[in-house]
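> For the sequence shown, our numbering assigns the number 1 to the initial residue and increments by one for each residue that follows.
Have a look at the structure that comes next, please.
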Amino acid sequence: MTETPQLSESAALSADLDLAEAEAFEHLADLARAWGGDYRRVDPDETLEDGGDADARIVLPVQAGMRHGALLVDVHARRLGDGRRTRLELDVARSDYHLPKASLFVLTAGLAGAVLMVALPLVPHLVGLLPLALALLLLAWFLVLARVKYRGIREFADELRSSSRSGGETA
């Protein structure tokens, strides 16, 4: 049976792992690096630059449709039961996204091709532009729309949970 991440009011996700706290942080670090992110364990005496309090911080590269960016995630750990299980709470402290301008240009060209295809029955003398319209539509599809992905904090939490159950394999 698979668990679904539960959102709290602060949009934090939690992952219950069958690992002790030190192993859970090691597993978290390995997975963050496998995603292409950075991991940093925070000392208990250390004050973070933004005033937050976390046991660890990770920076994850994410994709949200056409937007790409990074999430700064605060990680809080709690021991469950006798200490053999750990709950890691992932709270997004900051998110930065950007939209590639080249993708917007290609989508605009695809939109022009779509408008041209719709206009062909209404304006028959434009039939010579049919190959151009089709090429613009295919260009937009293959260069932009076929590559749209969603990879964010929920997917990271799901992978964190499932990879801890399968013996810690992250790649």
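Glycine included, C-beta positions come from ideal geometry on N, C-alpha and C.
Just so you know, these numbers come straight off a predicted model, no measurement behind them.
Would you call the region 101 to 116 and the region 36 to 45 touching, i.e. three or more CB-CB distances under 8 Å?
no
> In this structure, how does DSSP classify A24 when only helix, strand and coil are distinguished?
helix
> Given S14, which residues of its chain have a CB within under 6 Å of its CB, disregarding the five upstream and five downstream residues?
R87 and E89
> Given this structure, state the Cα-to-Cα distance separating A135 from A70, to the nearest angstrom.
33 Å
> Out of M66, L60 and L126, state which residue places its alpha-carbon closest to the alpha-carbon of R94.
L60
> Mapping DSSP to helix, strand and coil, what is L99?
Three-state DSSP puts L99 in coil, outside helix and strand.
> Compare the Cα-Cα distances from A146 to each of L31, V62, M66 and L19 and report the closest residue.
M66
> So P124 is in the beta strand (DSSP E); what residue range does that whole segment cover?
Boundaries for P124: no beta strand (DSSP E) harbours it, and the DSSP string shows neither H nor E there.
> When burial is assigned at 16 or more other CB atoms within 10 Å of the CB, is F142 buried or exposed?
Counting every other CB atom within 10 Å of its CB across the protein chains shown gives F142 a total below 16, marking it as exposed.
> Return the Cβ separation of V75 and L28 in integer angstroms, given the expectation that the two are a contact with Cβ distance under 8 Å.
So it is a contact: roughly 7 Å between Cβ atoms.
> Can you give me the C-alpha to C-alpha distance between R85 and V148, rounded to a whole angstrom?
36 Å
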